[in-house]
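Below is one structure, written out as structure tokens; comments come after it.
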Ligand SMILES: [Zn+2]
Ligand SMILES: [Zn+2]
Ligand SMILES: [Zn+2]
Ligand SMILES: [Zn+2]
Ligand SMILES: [Zn+2]
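Protein chains in written order, with the UniProt record's numbering: chain A, 1 to 638; chain B, 1 to 638.
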């Protein structure tokens, strides 16, 4: 069926099921057929009709009040404030232009959700659909600004989604069917992840990251191979999917928009927010360090304008022959494994992305059960012979042990962290250890964007594991709000912290020590034996972190543009097991318990020989055809 | 160095070595620096200077008389006719605009070549460089028309070659170096050969063939995957190389020119001529059968206009980072293996193309010694378990045996052949057998373009093996001129031949019986037990030839648009060993004796599992990394 056929078919079914439907418009918004009606009953109470039509058409349907009968946002906000009972603790109201929803943040949401009368009252009087959510326990500037930004580009988004809807219903061209996977970056290496899935009908890019090497001799190594004809021009891409916010996956997505891509970015809402945060930080830092910057913040905004946020386990048409479902990958907030269903029952590809197959303090383990999967792509960051083997709880023990030993000799602990993921885990471990008297009560200074990243976690409780979600939302015992955590705001504060003789813990970015405030602390702490530097995250080849971790006795850094030699006398330790990546046993366990078993496995995201060696191990252990592509190689899977 | 740098450097060396050089112009023509001079001495006698400069610059140099001092072609022709002694037997004179040569065809070339005075006389009086060649023993319309055509597009060619020269001297872009091979057709199958070699700087296509299936349900299977982004737009290609004239390699080269390619085609002169012949025949036959034709003869002419003919073993820059050398592949007239030297000493790829590693009645065995080779691509047409194992001489015995048995029972022998290659071999075997009284003297009727193809062989004696060349050119005992061979010119003749009761041999195209005059003979001969059908060439999957060869008892053909069921009672035989392809033992022997040994082997051009199985055999037998790509796959070799 074509675009128009779907719309008139939808209208016809409404006419049959609910003749007096007062429908004013039927249109596409991305993959969803949106029906506008002036009949209050239809949009406020008859979800059953929309569900039935969605099933018949195999398309998503949303029924919304006709804008002409809706209250303007300001009047609606006033009215809602009157309707909500005081004891519910109203914190915020904001409007979702994409969905016609009024999101109402309450301290006690159950007071309203238990009371259907309040809900119906709001809907019938404002014509906005109320969505009641618990007010987040922390304030996130990022989340707030994102909402405002999306509201400001409401009109452009509506047009974009309309055009996308037309594209999505274009019939598939007849002809031979084939499916190819092209490695554009992050294969047989860690960094600049980019994988192209092409079919005879569609071109889909999964991730578009960067390697954060600041090597002027090899600038081309920072980007995936984006200049090859398979992906040029970018306007030939039909869809881009982002697995998670880390810059080695998200870093160059805005570049696609700068150079002509104008289509959708599919990802989770938290990944959207975190990616924008990290990308904006990247260009700020690069600018301040005088590095060449390949895009500007307006290109990040362009990306956000085109982002379609999906929930885990929600299936969406992304091209006429491909359906996408995102699954929890357990790696960082909002991280997803990508399931692509190609053709009608023809073929299925899962790209698990960066993943953790173990329950962590923050997340549930990665999902490894899918409706179907023929080709499966798995990372191998820690699949090497000598990589860490510890579990999460052992990692916590190691960290508290280092803290205790350091404090006993009067020193402080410096922990380089990525703002996102590792910092929150380390915060949880420290807070818990203090509470249980395993380590002394201490100040934990947070540098860079750690606090803001933490607030984003709190804004998306449905992406956290159940225990933490309940602790934050239900028990009102939010560990992130403990007063041991101190945000460092100014340079002066930082200097005072460095000068003070108290034993303390400092969490500072960047995680691989290639820039950021961690270097300031390191310069002052490194020469003194009493201090400790603890690595809790992956240190890539070629980074300062990796160099120090592997036993360097001194390093030369720049201070106000001049080279300074720094002797390293502080204790350098590694708390293995904090990683957001599965270790080798976990990767193997993922495959062993995976359902269904894939016919073919592609191994990526590993340094040196890890991809290749792990593909051999999979072959011999499971008898599954496994290979590891080199960047620039293409394999045909169907 | 840039384009202008090379030219001024060339001029400077001339000035140093030969100050009074009277040079009027220095320019590029394709890969050659052409120097025009008014000094007769310089262009007629001082080849040493050109050679020295070529060595210093590592560029090809040609010194030509300034056009203003050259005689016009008509006057020059008259003058040359006067100068050449009568006893030399002047047959033809034609002028090569590309090279400034006057080609003089003589029955007794040695009379002139032994006489330097005549040569110098011609050069100094006409200012054309005389090139003395033996007059071909047969008249080829194709070769003659080709010369005329190339002369008619002289000006366009000069401009094209000039622009190509500029492109060839463009400096290589800095950046990471990589080399990829993409399978676009003819991998894990026979037909539609097309392989793309891309480097960070160049895009080179080797072959662009078709599968001659006439299946309206799967029209896309006729072409390689030419619509994928790796090769789109065609104008992004830097060079196209053609290994040989068979349509499964050459058939869609004109399509490239139709859809925007405007660059050079590198191949041998006989391949150029044969390809044009076969392509023109293809569109004629397709047209007469009412098939859709994807290009017209003007696109073949466009191809010819852009063809740069190379000799075997001659090295040419084809892009700023790639040099090409063609080597004899022993398969058909002019067939070549492709040697690509990439970067300066960086990497070497050999694509052996269709090849025969055995001396045949026509050609020397394929060359398997190269200056260097890291990646090697080999065909596997007959690499299967059950494929033929016979040598050429055994094949001849089988054929003469079938002829004798058929003639004894009063029947005739029908041999479906490709016009090019197999027919000439079969003619040689039959002529030799008649001469030596192994078979009775008989008429051998030649249908289709066989005679013309044979004449083209005679026009390029330097591409034949030494024995045949001498037999044709020196001993004056040209087997192709034997009066047993009768060209069939008209439909009436054909009918008379079919009606006559004499025992005879008929060689008719098409070689796989998918069209052509062979079908007319087959329809009339098939029901009668006394006749024989002898396959001497490869019968691809899905062709009528393969169907009959594998034992069909009857077939349904169309006669004037109506279906007719034909019972097959004639004897169906296969004379194995006539193939222009190496058998398995020959392929293995090629690799075993290859120098140097490649690091990696890619297997292509084989039906069913042959490519895959042969790659496994190579791995186990030689310990060389061997794989077979699927169409649409890309491997990175550097
Ligand atoms: Zn990650
Ligand atoms: Zn990653
Ligand atoms: Zn061939
Ligand atoms: Zn072939
Ligand atoms: Zn042209």
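Ideal Cβ positions, reconstructed from N, Cα and C, are used throughout, including at glycine. These figures come from a predicted structure and were not determined experimentally.
Inset, instruction - Just list the beta strand (DSSP E) runs in the stretch 139 to 189 of chain A, keeping only unbroken ones of 3 residues or longer that don't cross its boundaries, in chain order. - result: For the stretch 139 to 189 of chain A, whole beta strand (DSSP E) runs of length 3 or above, ordered along the chain, are 179 to 185.
Inset, instruction - Run down chain A in chain order and give the residues with a C-beta less than 8 Å from the C-beta of residue 646 of chain B. - result: This structure cannot speak to residue 646 of chain B, because chain B is shown only from 1 to 638.
Legend entry - Neighbour flag for residue 232 of chain A against chain B, beta carbons, 8 Å: Chain B, which has a Cβ nearer than 8 Å to the Cβ of residue 232 of chain A, makes this yes.
Legend entry - Distance CB(residue 713 of chain A)-CB(residue 51 of chain A) smaller than 8 Å: Past the boundaries of the shown model lies residue 713 of chain A; chain A is included only from 1 to 638, so the question cannot be answered.
Inset, instruction - Could you confirm whether any beta carbon from chain A is found closer than 8 Å to the beta carbon of residue 178 of chain B? - result: The Cβ of residue 178 of chain B sits closer than 8 Å to at least one Cβ of chain A.
Inset, instruction - Please state if the CB of residue 366 of chain A and the CB of residue 356 of chain A are separated by a distance shorter than 8 Å. - result: Yes, Cβ-Cβ distance for residue 356 of chain A and residue 366 of chain A is below 8 Å.
Legend entry - residue 29 of chain B classed as buried or exposed, judged by whether at least 16 other C-beta atoms fall within 10 angstroms: Sixteen is the threshold: when 16 or more other Cβ atoms of the shown chains lie within 10 Å of the Cβ of residue 29 of chain B, as they do, the residue is buried.
Inset, instruction - Report buried or exposed for residue 7 of chain A, applying the criterion of at least 16 other Cβ atoms within 10 angstroms of its Cβ. - result: Buried.
Inset, instruction - Please name the residues in the stretch 160 to 171 of chain B whose beta-carbon is closer than 7 Å to at least one beta-carbon of chain A, in chain order. - result: So nothing in the stretch comes that close.
Legend entry - Residues whose Cβ lies closer than 5 Å to any heavy atom of ligand 1, in chain order: Every residue whose Cβ sits closer than 5 Å to any heavy atom of ligand 1 is listed here in chain order: A/246 and A/354.
Legend entry - Where residue 363 of chain A sits in the DSSP three-state scheme: In the three-state reduction of the DSSP assignment, residue 363 of chain A falls in the coil class.
Legend entry - Heavy atom of ligand 3 within 7 Å of residue 341 of chain B beta-carbon: Residue 341 of chain B Cβ: outside cutoff for every heavy atom of ligand 3.
Legend entry - Proximity below 8 Å, CB of residue 376 of chain A to CB of residue 338 of chain A: Taking 8 Å as the Cβ cut-off, residue 376 of chain A and residue 338 of chain A do not qualify as a contacting pair.
Legend entry - Closer than 8 Å to chain A by CB, residue 640 of chain B: Within the shown structure, residues of chain B are numbered from 1 to 638, placing residue 640 of chain B beyond reach of any answer.
Inset, instruction - Report yes or no: is there a C-beta of chain A within less than 8 Å of the C-beta of residue 638 of chain B? - result: No, its Cβ sits nowhere closer than 8 Å to a Cβ of chain A.
Inset, instruction - Could you check if residue 578 of chain A is buried or exposed, using at least 16 other CB atoms within 10 Å of its CB as the buried criterion? - result: Burial of residue 578 of chain A is indicated by the presence of at least 16 other C-beta atoms within 10 angstroms of its C-beta.
Inset, instruction - Please specify which runs of the alpha helix (DSSP H), each continuous and at least 4 residues long, are wholly inside the UniProt domain "Beta-Casp" (423 to 548) of chain B, giving them in chain order. - result: You should have 450 to 459, 466 to 473, 491 to 499 and 518 to 525.
Inset, instruction - Step through the CB atoms of chain A and report whether any lies within less than 8 Å of the CB of residue 236 of chain B. - result: Yes - at least one Cβ of chain A is within 8 Å of the one on residue 236 of chain B.
Inset, instruction - Go ahead and pull the three-state DSSP assignment for residue 216 of chain A. - result: Bear in mind that a pLDDT of 49 at residue 216 of chain A, under 50, signals an unreliable position, so the number given afterwards is only what the model happens to contain. Three-state result, residue 216 of chain A: coil.
Inset, instruction - Quick one: residues in its chain with C-beta nearer than 6 Å to the C-beta of residue 539 of chain A, no 5 flanking neighbours on either side, listed in chain order? - result: Hits under 6 Å: 512, 545, 546 and 549.
Inset, instruction - With hydrogens ignored, establish whether the beta-carbon of residue 193 of chain A is closer than 7 Å to any heavy atom of ligand 6. - result: Among the ligands present in this structure, namely ligand 1, ligand 2, ligand 3, ligand 4 and ligand 5, ligand 6 is not found.
Inset, instruction - Taking only beta-carbon positions, decide if residue 479 of chain B is within less than 8 Å of chain A. - result: No - not a single Cβ of chain A is within 8 Å of the one on residue 479 of chain B.
Inset, instruction - Could you tell me if residue 605 of chain B is buried or exposed, where buried requires 16 or more neighbouring beta carbons within 10 angstroms of its beta carbon? - result: A residue is called buried once 16 or more other Cβ atoms fall within 10 Å of its Cβ, and residue 605 of chain B is buried on that count.
Inset, instruction - Just tell me which of A/227, A/588, A/120 and A/534 has its CA closest to the CA of residue 395 of chain A. - result: Closest option to residue 395 of chain A, Cα to Cα, is A/534.
Legend entry - Contact set for residue 529 of chain A: own chain, Cβ-Cβ below 6 Å, skip 5 residues either direction: The beta carbon of residue 529 of chain A lies closer than 6 Å to those of 569 in the same chain, with the five residues before and after it left out.
Inset, instruction - Can you grab the Cα-Cα spacing for the pair residue 272 of chain B / residue 592 of chain B, in whole Å? - result: In a straight line, the C-alpha of residue 272 of chain B is about 32 Å away from that of residue 592 of chain B.
Inset, instruction - Could you tell me if residue 400 of chain A is buried or exposed, where buried requires 16 or more neighbouring beta carbons within 10 angstroms of its beta carbon? - result: By the neighbour-count rule (16 or more Cβ atoms within 10 Å), residue 400 of chain A is buried.
Inset, instruction - Decide if the stretch 607 to 614 of chain A is in contact with the stretch 185 to 194 of chain A; the criterion is three or more beta carbon pairs, one per stretch, under 8 Å apart. - result: Result yes; three or more Cβ-Cβ pairs closer than 8 Å.
Legend entry - Strand pairing of residue 402 of chain A, partner residues [DSSP]: Per DSSP, residue 402 of chain A has no beta-bridge partner at all.
Inset, instruction - Could you tell me which chain A residues have their CB closer than 9 Å to the CB of residue 229 of chain B, listed as they occur along the chain? - result: The contacting residues are 198, 203, 228, 229, 230, 231, 232 and 236.
Inset, instruction - On the DSSP bridge assignment, give the partners of residue 56 of chain A in chain order. - result: Looking at the DSSP output, residue 56 of chain A shares a beta bridge with no other residue.
Inset, instruction - Just confirm the distance between the C-beta atoms of residue 249 of chain B and residue 332 of chain B, as a whole number of angstroms; I'd bet it's less than 8 Å. - result: Not quite, the Cβ-Cβ distance comes to about 10 Å (not below 8 Å), so this is no contact.
Legend entry - Status (buried if at least 16 other CB within 10 Å, exposed otherwise) for residue 287 of chain B: Exposed, since its Cβ has fewer than 16 Cβ neighbours within 10 Å.
Inset, instruction - Could you tell me the distance, in whole angstroms, from the CA atom of residue 458 of chain A to the CA atom of residue 136 of chain A? - result: If you take the alpha carbons of residue 458 of chain A and residue 136 of chain A, they lie about 6 Å apart.
Inset, instruction - Using 10 angstroms around the beta-carbon of residue 160 of chain A, count the other beta-carbons present and answer buried if the total reaches 16, otherwise exposed. - result: Residue environment analysis places residue 160 of chain A among the buried positions, since at least 16 neighbouring C-beta atoms fall within 10 angstroms of its C-beta.
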